[in-house]
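Only one structure is covered here, and it is reproduced in the block below.
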Amino acid sequence: MKVDMALLKQLRDATLAPLKECKEALVEANGNLDEAKEVLRKKGMNKAGKKADRETNEGLVKVEKKADKIVALKLLCETDFVAKNEAFAEFMDTLIEKISTDVTTAVASKEELDAGLVEELKNMIAEFVGKIGENVQLGDVIVSTENAYVYNHPGNKVASIIFFEGDNEEVAKEVALQVAAMNPTYLDFDAVPSEDIKKMETEFREELLKSGKPENIVDQIVKGKINKSLADYVLLEQAYIRDGAKKIKEIIPADFKVTAYKRIAIQ
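Under the working numbering, the first residue of the sequence shown is numbered -11, with each subsequent residue one higher.
Structure (structure tokens):
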């Protein structure tokens, strides 16, 4: 069968599939464009199954405000080359739109998504895998309706969300930049697990007593050592990235409170 070149171009533009596969699909579909698309879709899903075990260490992250909610997504692929492809970024936007439309309640992880939506997303990803020829996997998914500031670092490898009380978006922005840049583990000292604190107390106390420090001052020294050791990991205690002489808690006014934060990144 002779393939219509105009149809071939249409199919190629619509599916991004290799030219050879587009031609074969049109032949199999007897020149019917819609049927050829279905042929390619099925082949793409078959390819996705074969590629599913490949490592996905690259990708993009993105957080968007959509009407009354925030949607954050990490989409993983095999190579940075594909991650930088415009089609990959556009597909990510399509997934974000789908999640925003279908999810009506807060979601802290992809495991909390409705099973029906998960299946739809898997099918969408499988078709896309057939087009680009790499394994693609859904990473982190967050949906929230809380008051928050979102930050996407240029290049879309790191993003952050700051949940806060108050209306000072400039402060929220600075905290979001801090989270993206410094990757804190805890919001404040109260968030540090008590067992970790006790372990540090024991280690520092033994060390100080062995060094001959008087027992009556050991407790105060231990407290200072713990605070210093944790400073880099506790957001509010971290040195402010724009002014190392200040801690993050010192740039936050009394009428503003960080209630939580999220950082999403391609490691």
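C-beta atoms are modelled at their ideal positions from N, C-alpha and C, and glycine is treated no differently. Please read these numbers as outputs of a predicted model, since none were measured by experiment.
Sorting 6, 18, 86 by C-alpha distance to the C-alpha of residue -10 places 18 at the top.
Counting along the chain, the unbroken beta strand (DSSP E) around residue 63 starts and ends at 57 to 65.
In the DSSP assignment, residue 222 is bridged to 174. Distance between residue 183 and residue 115, taken at the CA atoms: about 47 Å. DSSP places residue 125 inside the beta strand (DSSP E), whose first and last residues are 125 to 132. A distance below 8 Å between beta-carbons, with the five flanking residues on each side excluded, links residue 82 to the following residues of its chain, in chain order: 112. Residue pairing by DSSP places residue 47 opposite 64 in a beta bridge.
The C-beta distance from residue 49 to residue 145 rounds to 7 Å, short enough to meet the 8 Å contact threshold. Residue 118 is classed as buried because its beta carbon has at least 16 other beta carbons within 10 Å across all chains shown. Looking at the DSSP output, residue 53 shares a beta bridge with 58. For residue 88, the closest alpha carbon among the candidates 74, 133, 46 is that of 133. Scanning 228, 57, 192 for the CA closest to the CA of residue 212 turns up 192. The Cβ atoms of residue 151 and residue 67 do not sit closer than 7 Å to each other. By the Cβ neighbour-count rule, residue 186 is exposed, with fewer than 16 other Cβ atoms within 10 Å of its own. Looking only at 209, 131, 47, 75, the smallest Cα-Cα distance to residue 102 is reached by 131.
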